[in-house]
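What follows is a single structure, written as C-alpha cells, with notes after it.
Numbering (this note's numbering), first residue to last: 36 to 173.
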C-alpha cells in the first residue's frame with residue numbers, strides 16, 4: 036500500500052489491517068486515531084466503507100483505478116497510486132487550501148484496502164486507457 040501519505044498514516048492503516056484481520060473489527064482507539072489524523076473526512080469515509088462503495092478496477096497490464104460512489108450517488112474515479120480524486124473537496128481542501136491529507140473518497144479506498152472490503156472488477160486495457168484519459172463513460 037505505497038502512497039504519498041505521512042508515516043503516521045501509513046502505520047495507522049497497517050494497524051487497522053492487522054487488527055481487522057485478527058478481530059474483524061476496528062477498535063475504538065484506532066477509530067479515534069483515524070479521526071485525529073484525517074479529521075472530518077474520517078466518519079464519511081467509514082460510511083462509504085460500510086456501504087461497500089469502493090470498487091477496484093484492474094486491467095491485464097496491471098494498472099489499477101478505484102471507483103467510489105459518493106454520498107450523493109456520484110461516481111468518482113480515484114487513483115491511490117498518485118493520491119488523486121476529482122471531487123470538489125479534494126481540489127479545494129487538499130490541493131488549494133492544503134488543509135487536509137485527502138478527501139473521504141481516497142480515505143475510503145485506503146480503508147477498504149486495509150480491511151479487505153474492496154470489490155474487484157476486471158476491465159480491458161482499452162477500458163482502463165479510456166478511464167485514465169477521461170474519455171470513459173461513467
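C-beta: ideal position from N, C-alpha, C; glycine also.
- Between the alpha carbons of residue 146 and residue 164 lies a gap of roughly 26 Å.
- Close CB contacts of residue 98 within its chain, under the 6 Å cut and outside five residues either way in sequence, are with 163 (chain order).
- Within the DSSP bridge table, the entry for residue 111 names 103 as partners.
- Annotation: the continuous alpha helix (DSSP H) that includes residue 142 extends over 139 to 150.
- With at least 16 other beta carbons inside 10 angstroms of its own, residue 101 counts as buried.
- The residue among 49, 136, 115, 91 with its C-alpha nearest the C-alpha of residue 124 is 136.
- The three-state reading of DSSP puts residue 158 in coil, since its state is none of H, G, I, E or B.
- The closest CA to that of residue 134, considering only 76, 64, 55, is found on 76.
- In this structure, residue 47 lies near residue 68, with their beta-carbon atoms less than 8 Å apart.
- DSSP places residue 129 outside any beta strand (DSSP E), giving it a letter other than H or E.
- When the beta-carbon positions are compared, residue 89 and residue 154 come within less than 8 Å of each other.
- In the DSSP assignment, residue 81 falls within the unbroken alpha helix (DSSP H) covering 77 to 85.
- Burial is judged here by how many other beta carbons sit within 10 angstroms of a residue's own beta carbon; residue 42 has fewer than 16 and is exposed.
- Judged by DSSP in its simplified three-state form, residue 93 adopts strand.
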